[in-house]
Structures are given as C-alpha cells and as structure tokens.
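Numbering of the sequence shown is given in the working numbering, commencing with residue 563 and proceeding in unit increments.
C-beta: ideal position from N, C-alpha, C; glycine also.
Each remark here refers to the structure printed beneath this line.
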Amino acid sequence: MKMLLDSRSLFTSDEETRKFLIAFGIKFSIFILFIFCSLILGKLFPQALHKIVMRFSSQKIFKTYENLVNSLEGIIRIIVTLILISFCLYFIQEYPGFHSFLKFFLDLSIAVSIAVFISRLFRNFLRVYGIELVRKVGLEVDELLLVFETIANVIIGFVVAVAFAQSQNVNLIGLVAGLGIGGIAVAFAAQKTLEQVFGTIVIYLDRPYVPGEYIRVHLSSQGILFARVEAIGLRSTKLRTLAKSTLVIVPNSVMSSADIENVTRGKKVMVLLYLDFPRSLDKPEQALLEKVIKESTNSLFGIDPNSTKIHLFDHEDSPGVRARVSFFIFGSNENSIDFRKRLLELANDSISKKLLSYGIEFTMQEPTLYLESPVPI
C-alpha cells in the first residue's frame, strides 16, 4: 500500500514538472518574440519620429530638431529598444530571481543611455545656439564654454545616478555618508597609497597623455624631461627618455601635479574657404575684402590672427575671380576643435553679411575644407 502511494506521488510530481516546463517554455518563447519585436520597433523609431516632426511641425521646429536631435538617432534607438525590452519583463515576473536580475541591468542601461542622450543634446545646444547667445549678450566666447559643458555633464551624471539609486531602493545619502566616515579613517592609515591611487584616477580621467605619446614634463628631481610614454600603471608612469633611452619611472601622484606639455597632441587645423565673385574686384574692393575677413576672424578665440591669408586668382570655369581664404585653428582635443569650427561658421556668416552690405556679390563654396597638420616642435 505504501509503495502504491509513493508511485502515485512520483507520477504527480513528474506531471507538475512537465506542466511547469511547458508553461515556462511558452512564456519564455513569448518573451523572446517580444524582444525581437522591440529590436525592430527601436530600430524604426528614429526614422518614424523624423517623419512625424517633418510632417506635423513648423519649419522652425523641424530645423531645431535637425540641429539638436538628428545626430542622436543612434542613442535614441538604444533608449527606445531598452525601454520596450523592459516592458517584456512582464512575461517572466513569475520567476522573481531571473526577473530581478534582468531588471537591474536593464534599468542601469536605460539610466546610462538617458544620461548620454541628455549630455549630447546639451552639447549640440551649446554648439548650435549657445555660442551665438553668448555673443549676443556681449560676452567673449572662449574655453569657458567647454568648462561649462563639463560641469553640466557632471551634474547630469549625478542626477541620473541618484534617480537610478532611488528606483532600486538604495539609500544613496546614507551610503555616501558611511563611505565618507570610513574614508577619513582609511585616509589617515594609508595616505601615501591613496595619493598614488588618486593620482592614477586623475590621469585616467583627464588623459593628459596616453602610451605612445611624446611629452615634456617638469620634474623637481630630474628637471625638464623629454620622453615617450611607455606605459601607465596603477602606481606609476614609465617614461623612455630620448637622449639616453633609459626608463624613468615616475609615481602617478607626481605626474598628476606636474607641468606636462604633450608634444604629440600639438596640432593646428588649416581652414580653406573659397569665395567666387562674378566680376573682377578693383583695388579698393580687394582692400575692403581683406579688411572684412580679418576683422571677422582675428577676434575669434583660438584662431591665429597672423595666419589669415587671402589669395585672389582668376576663376577657371566662369568669368570673375575666386578668393581663397585660409585660417589656422589651434586646439588640444576634439571638443576644442569642434568648438572653434563652430566659431568659424559664425565668422563666415559675418563675412557674408558685411560684404553684401557693401554691394559686393559672391557665392561661398561648400563645404569649407579642414586640413589637419602637426605643430612643429
């Protein structure tokens, strides 16, 4: 009798397991199907949004959309896809362990993607409208705008981190306070070690140099050292001197506070702008052209005022003359170069308006050519 009961319970257990596996397989299949649909919808969303804005908005709003959002279609696609996938988690909520694991990483990915989107949107706003707004209020545009962009990115990252922590029921304030108290105790016990660690963090975040670049660094123990960066370790930076080919190992805490001249990144960008005039220009008009161009470019930050050159020559395909205008932009990083290119676009607009106001007709060739060249050592 006992054996009969055991066999019945065994059959019942097998039947429940089979039903569980069938139900799990069905829900998991539906989950995968909806993920596939989310990927397709996320990929199509930016194009659909572009068409909707173009069809139902005014020309001014559509132009603003193109200036600010059009270049961010990739990150929009990622955000929409992740949000749609998060809705698909509804089909597996009966499995709390698996559901919680996926939900955490999905929420984290969505938070990071939104932070990147807001940061790039703000950068586009500064490039397109910020420079012009600053100049309209009579202020000088310089690298402070880039510093403001960096501060804004830090604020965006902090707000998104706090929002994500709150969504995960993490007491971020208590955690930061606890880390602060513990950090004070650790700081007294391992001050030298922390100096090395923080120096390494500063170097990796600021990126004043990377392996393979040539730098000129001012060290109190060695004087001025011209060397090639061999490697950046957790504690120190290895420099290969050019004169003796010896290896100099400098603590990262020293490198983070030293005066560093990055020779490899020294570069200038030559800008070539072509203006076509339907007729020949007499001497006063040529002098006026040179005056307008130099006034519009010499006051711009980051542009070498002595490098502006204007060359007039006969146009090959049509009567009249062509003017080739060359500028030089100096910059240390890609953001700086992009920032100054935007300033040059505003200078081009200023040149156009001034020449037209003097009755000198012309056409400006597009695109303006940017040629990168290294700064001689």
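Here the stretch 798-807 makes no contact with the stretch 840-860; the two share fewer than three CB pairs at distances below 8 Å. Scanning P840, K853, V615 for the CA closest to the CA of D876 turns up P840.
Under the criterion of beta carbons closer than 8 Å, S633 and N715 do not qualify as touching, at roughly 17 Å. Checking the DSSP bridge columns, you'll see K871 partnered with S888. Scanning its chain for C-beta atoms nearer than 7 Å, with the 5 sequence neighbours on each side dropped, one finds around G604 the residues R639, V642, T643, L646, in chain order.
Measuring C-alpha to C-alpha distances from L670 to each of S880, Y652, Q730, I717 identifies Q730 as the nearest.
Within its own chain, the residues whose Cβ lies closer than 7 Å to the Cβ of D838, once the five positions on either side in sequence are excluded, are H877, G882, R884, F924, T925, Q927, listed in chain order. Collapsing the DSSP output to three states places I922 in coil. By the neighbour-count definition (other C-beta atoms within 10 Å, threshold 16), L606 is an exposed residue. Collapsing the DSSP output to three states places V631 in coil. DSSP places F788 inside the beta strand (DSSP E), whose first and last residues are 785-794. Within the stretch 807-861, the runs of beta strand (DSSP E) that reach at least 3 residues and sit entirely inside it are, in chain order, 809-813, 821-824, 829-839.
The residues P770, Y771, I777, V779, in chain order, have a CB closer than 7 Å to that of I822 in the same chain once the five nearest residues on each side in sequence are set aside.
DSSP, read as helix, strand or coil, puts V724 in helix.
Setting aside the 5 residues that flank it on each side, L781 is surrounded in the same chain by L787, V812, V816, A820, each with a C-beta closer than 8 Å to its C-beta; the list follows chain order.
Across the set S662, F649, I676, V615, the C-alpha of I676 shows the shortest separation from the C-alpha of G636. Contact fails between the stretch 611-630 and the stretch 578-594, because fewer than three Cβ pairs, one in each stretch, are under 8 Å apart. Where V772 is concerned, there is no enclosing alpha helix (DSSP H), because DSSP gives it neither an H nor an E. Judged by DSSP secondary structure, L801 falls within the beta strand (DSSP E) whose first and last residues are 798-803. As the crow flies, the alpha-carbon of L601 is around 32 Å from that of K622. At the C-beta level, T762 and L801 stay beyond 8 Å of one another. Taking Y657 as reference, the option from Y627, F590, K625, S912 with the minimal CA-CA separation is F590.
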